[in-house]
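K.L.:
Taken in order, the sequence shown gives residues 79 to 413; the numbers are from this note's numbering.
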Amino acid sequence: MPDLSQIIEREFPEKTIAIVGDLVADQFLSGAITRVSREAPVFILRHEETVTLPGGAANSAANVAALGGEPILIGVTGRDERGELLRNSLEDAGVDCGHVVTDLAITTTAKIRVLAGHSYSVKQQVIRIDHENAIEYSDTVRAKLLENLSIAARSADAIVFSDYGCGVVTPELYEAARKAASEKGVPLVVDSRWRLRDLRGAMSATPNQEEVEHLIGSNLTDQRCIELCRELEVTSLLITCGNKGMILVEPDREILRIPPVGSTEPVDVTGAGDTVIAAYSLGLAAGLGFRDAAIIANHSGGIVVMKKRTATATREELIASLTTEQQLSRSDAAS
């Protein structure tokens with residue numbers, strides 16, 4: 079087994095990952111419950127702060143940056159307040175927005191999570207409010223996305239395709255990404271909330287268990303997972319299963335079930351899949367096999383679910399997590 083810590087330390091900073099997909103402004107509005115309203119039997123929330131963080135494909139880009147890689151982000155925002163806040167949060171995370179298209183006609187997709195609690199207590203999410211763009215992207219915007227993908231692919235060591243169903247992903251854009259990855263000989267890793275069957279022919283895909291069950295039903299036997307892998311025409315399938323870990327499927331190898339890292343009681347799972355695909359793609363770009371890249375992704379996911387809000391795993395945290403596991407393994411072997 080290669081020294082994963084050394085590869086993360088030396089290879090990740092040399093890798094450029096192109097991330098194509100839906101950009102989301104993850105907003106967290108928090109406040110203290112003060113009293114019950116006289117107007118209706120509801121609590122009154124005194125607003126304290128609203129924080130905007132990168133979500134969707136933007137979160138994958140932020141995680142690539144945090145893990146030491148160089149992200150090239152391709153997507154669309156509106157020229158509105160949420161779009162500006164999202165771009166600012168990306169820049170704070172070390173992500174260059176030079177390939178992000180701004181469209182005057184649309185509104186930036188946003189997910190507003192309202193966190194409430196008494197003063198000095200832990201705030202809990204009570205509702206999520208989604209702002210979804212309902213306007214079709216223009217031909218001009220579509221052409222610019224294709225152009226930016228073509229430019230980004232020239233220097234990319236891997237391409238991530240992230241489909242949250244917000245309108246960026248089209249068959250034409252995906253085919254351009256698949257062709258670019260094939261011609262350059264770099265990994266193409268895809269994730270799609272609802273349309274994974276429409277994104278065939280990538281090197282790998284990273285659906286969660288719910289998304290896989292949507293495709294093949296709840297009985298995730300080894301054979302059915304292998305059949306799905308072949309149907310999607312991917313070389314591997316990395317299925318995230320929440321606090322049960324991950325399942326790595328390769329059609330011609332025994333299925334690998336990877337146990338979770340750390341606590342099985344997560345603090346916040348928001349955006350964990352974005353972290354997984356970022357770390358997994360960096361591992362593949364660095365020349366690791368699917369199994370070693372999956373181990374890295376598993377540790378990265380275990381790190382972020384123990385953080386509040388949409389979060390990133392840093393390169394230092396990832397190395398520390400891997401080192402701790404190695405030490406525990408040696409200790410168990412010695413005893």
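Beta carbons are placed, not taken as given, at the ideal position from N, Cα and C, and that holds for glycine.
Give me the Cα-Cα distance between Thr284 and Ala391, rounded to the nearest whole angstrom.
P.N.:
Those two C-alpha atoms are separated by around 18 angstroms.
K.L.:
At what residues does the alpha helix (DSSP H) containing Ser197 begin and finish?
P.N.:
Premise fails: Ser197 is in no alpha helix (DSSP H) and is neither H nor E.
K.L.:
State yes or no: is the C-beta of Gly134 within less than 7 angstroms of the C-beta of Asp100?
P.N.:
Going by C-beta atoms, Gly134 is nearer than 7 angstroms to Asp100.
K.L.:
Does DSSP classify Arg387 as helix, strand or coil?
P.N.:
In this structure, Arg387 counts as coil in the three-state DSSP scheme.
K.L.:
When the cut-off is 7 angstroms and only beta carbons count, does Gly323 lie next to chain D?
P.N.:
In the structure shown, chain D cannot be found, because there is only a single protein chain.
K.L.:
Given a threshold of 16 other Cβ atoms within 10 Å of its Cβ, counted over all protein chains shown, does Val382 qualify as buried or as exposed?
P.N.:
Result: buried.
K.L.:
Count the other C-beta atoms from every protein chain shown that fall within 10 angstroms of the C-beta of Tyr252, then say buried if there are 16 or more, exposed otherwise.
P.N.:
When all chains shown are included, Tyr252 counts as buried.
K.L.:
What first and last residue would you give for the beta strand (DSSP E) that runs through Gly153?
P.N.:
Where Gly153 is concerned, the enclosing beta strand (DSSP E) stretches over 148-156.
K.L.:
For Cys303, collect the residues of the same chain with a Cβ closer than 6 angstroms to its Cβ; drop the 5 residues on either side in sequence, then sort them by chain order.
P.N.:
So the qualifying residues of the chain are Val327.
K.L.:
To the nearest whole angstrom, what separates the beta carbons of Thr186 and Arg160, a pair I think is in contact under 8 angstroms?
P.N.:
4 angstroms between Cβ atoms; contact.
K.L.:
If I follow the unbroken beta strand (DSSP E) through Gly295, where does it start and stop?
P.N.:
Looking at the DSSP string, Gly295 is not in any beta strand (DSSP E), and its letter there is neither H nor E.
K.L.:
Are Thr342 and Asn321 closer than 7 angstroms when you measure CB to CB?
P.N.:
In this structure, Asn321 lies closer than 7 angstroms to Thr342 by Cβ.
K.L.:
Report the rounded CA-to-CA distance for His196 versus Pro337, giving the unit in angstroms.
P.N.:
Their Cα atoms are separated by approximately 36 angstroms.
K.L.:
Using a Cβ-Cβ cutoff of less than 8 angstroms, which residues in the same chain neighbour Arg256 once the five nearest sequence positions on both sides are dropped?
P.N.:
The answer, listed in chain order, is Leu266, Gly279, Ala280.
K.L.:
One question on the structure: do Ala221 and Ala96 come within less than 7 angstroms of each other, judged by their Cβ atoms?
P.N.:
Cβ distance not < 7 angstroms, so Ala221 and Ala96 don't count as in contact.
K.L.:
Could you tell me the distance, in whole angstroms, from the CA atom of Trp272 to the CA atom of Asp241?
P.N.:
Distance between the alpha carbons of Trp272 and Asp241 is about 8 angstroms.
K.L.:
Tell me which same chain residues have a C-beta within less than 6 angstroms of the C-beta of Val268, skipping the five on either side of it?
P.N.:
Phe239, Leu277, Ala280, Ala283.
K.L.:
Report back the beta-carbon spacing between Ala194 and Ile111 to the nearest angstrom; my notes put them in contact at under 8 angstroms.
P.N.:
Going by Cβ atoms, the distance from Ala194 to Ile111 rounds to 6 angstroms, so yes, they are a contact pair.
K.L.:
Rounded to a whole number of angstroms, what is the C-alpha to C-alpha distance between Cys319 and Ala212?
P.N.:
C-alpha separation (whole angstroms): 31 angstroms.
K.L.:
Report, in whole angstroms, the separation of the C-beta atoms of Leu131 and Arg387, which I expect to be a contact under 8 angstroms.
P.N.:
With 8 angstroms as the limit, Leu131 and Arg387 qualify as a contact, their Cβ atoms being about 6 angstroms apart.
K.L.:
For Ser167, which residues from the same chain have a beta carbon less than 7 angstroms from its beta carbon, with the 5 sequence-adjacent residues on both sides left out?
P.N.:
Closer than 7 angstroms at the Cβ level, and outside the excluded window around Ser167, lie Thr130, Leu131, Pro132.
K.L.:
With a 10 Å radius around its C-beta and 16 neighbouring C-beta atoms as the bar for buried, classify Val114 as buried or exposed.
P.N.:
Result: exposed.
K.L.:
Could you check if Phe121 is buried or exposed, using at least 16 other CB atoms within 10 Å of its CB as the buried criterion?
P.N.:
Burial call: exposed.
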